[in-house]
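Accompanying notes for the structure given below.
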Amino acid sequence: MRCTQVRKHLSAYQDGALSERQRAQVGEHLAQCAGCAALAAELQQAWELLDRAEAVDTSPGFVAAVIRRVQADLPQPAWQAPRWAVAAALIVCLSCGGLAGYVHSKAPVAAPVTQLALAADVSRQLGIDAFAPAPADTVAGAYVQFAGFESGR
Ligand SMILES: [Zn+2]
């Protein structure tokens with residue numbers, strides 16, 4: 005079994021949810037691959053940490069009360085448009101969207117490059133490197149490794 009396959013099965017492996025054959029294959033790989041073994045250890049630590057977290061005891065109406073409070077804090081519209089105006093605006097928007105889609109489908113494929121350049125420019129202005137790989141010793145790095153986004157063996 006390859007690293008990417010093993011990493012996809014790690015959670016099920018630790019939950020004991022794999023077939024006997026898969027469990028043996030993952031276990032055999034973990035015994036030979038230090039990278040996957042380290043990732044399995046990190047995942048196990050995360051599960052143990054979550055097991056120690058205290059459960060929050062909520063009253064039966066807690067969720068409904070939170071939703072009511074959030075809705076009460078949302079700004080209310082100053083006015084409400086008549087239904088015919090909403091329908092007319094929707095038709096105009098759909099027509100413009102269809103026209104834009106048609107025009108875009110006929111345009112050369114320069115838009116994604118422009119968007120990437122814009123995103124890179126914004127990242128540079130904000131002083132962040134959005135396209136840098138996630139550091140391996142962070143949660144993001146562990147997730148990238150776990151999800152198999154990095155090339156496996
Ligand atoms: Zn591996």
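Quick note on my numbering: the sequence shown kicks off at 5 and runs consecutively. Every residue gets a Cβ at the ideal spot worked out from N, C-alpha and C, and that includes glycine.
1) Within the present structure, is the beta-carbon of CYS40 separated from the nearest heavy atom of ligand 1 by less than 7 Å?
2) Starting from the N-terminal side, write out each stretch of the alpha helix (DSSP H) that is 4 residues or longer and does not extend beyond the region 62-90.
3) Can you list, in chain order, the residues of its chain whose CB lies under 6 Å from that of GLY145, leaving out five sequence neighbours each side?
4) If you compare alpha carbons, which of ARG27, VAL143, GLN149 is closest to TYR17?
5) Among residues of its own chain, excluding the 5 on either side of GLN29, which ones have a beta-carbon nearer than 6 Å to its beta-carbon?
6) Note down the Cα distance separating SER99 from ALA21, rounded to an integer number of angstroms.
7) How should PHE66 be labelled, buried or exposed, when 16 other C-beta atoms within 10 angstroms of its C-beta is the threshold for buried?
8) GLN149 to LEU47, Cα distance in whole Å?
9) By how many angstroms is the C-alpha of CYS97 removed from the C-alpha of GLY105?
10) Please check the pair VAL10 and CYS40, which I expect to be a contact at CB under 8 Å, by giving their CB distance rounded to whole angstroms.
11) Quick one: what does DSSP say CYS40 is sitting in, helix, strand or coil?
12) Buried or exposed: LEU14, going by 16 or more other Cβ atoms within 10 Å of its Cβ?
13) What I want to know is whether the C-beta of HIS13 ends up closer than 7 Å to one or more non-hydrogen atoms of ligand 1.
14) Give the DSSP-derived three-state secondary structure of PHE150 in the structure shown.
15) In chain order, what residues of the same chain have a beta carbon less than 8 Å from the beta carbon of ALA44, not counting five sequence neighbours either side?
The short version:
1) yes
2) 66-77
3) ALA138, PRO139
4) ARG27
5) MET5
6) 50 Å
7) exposed
8) 11 Å
9) 12 Å
10) 5 Å
11) helix
12) buried
13) no
14) helix
15) LEU14, TYR17, GLN18, LEU34
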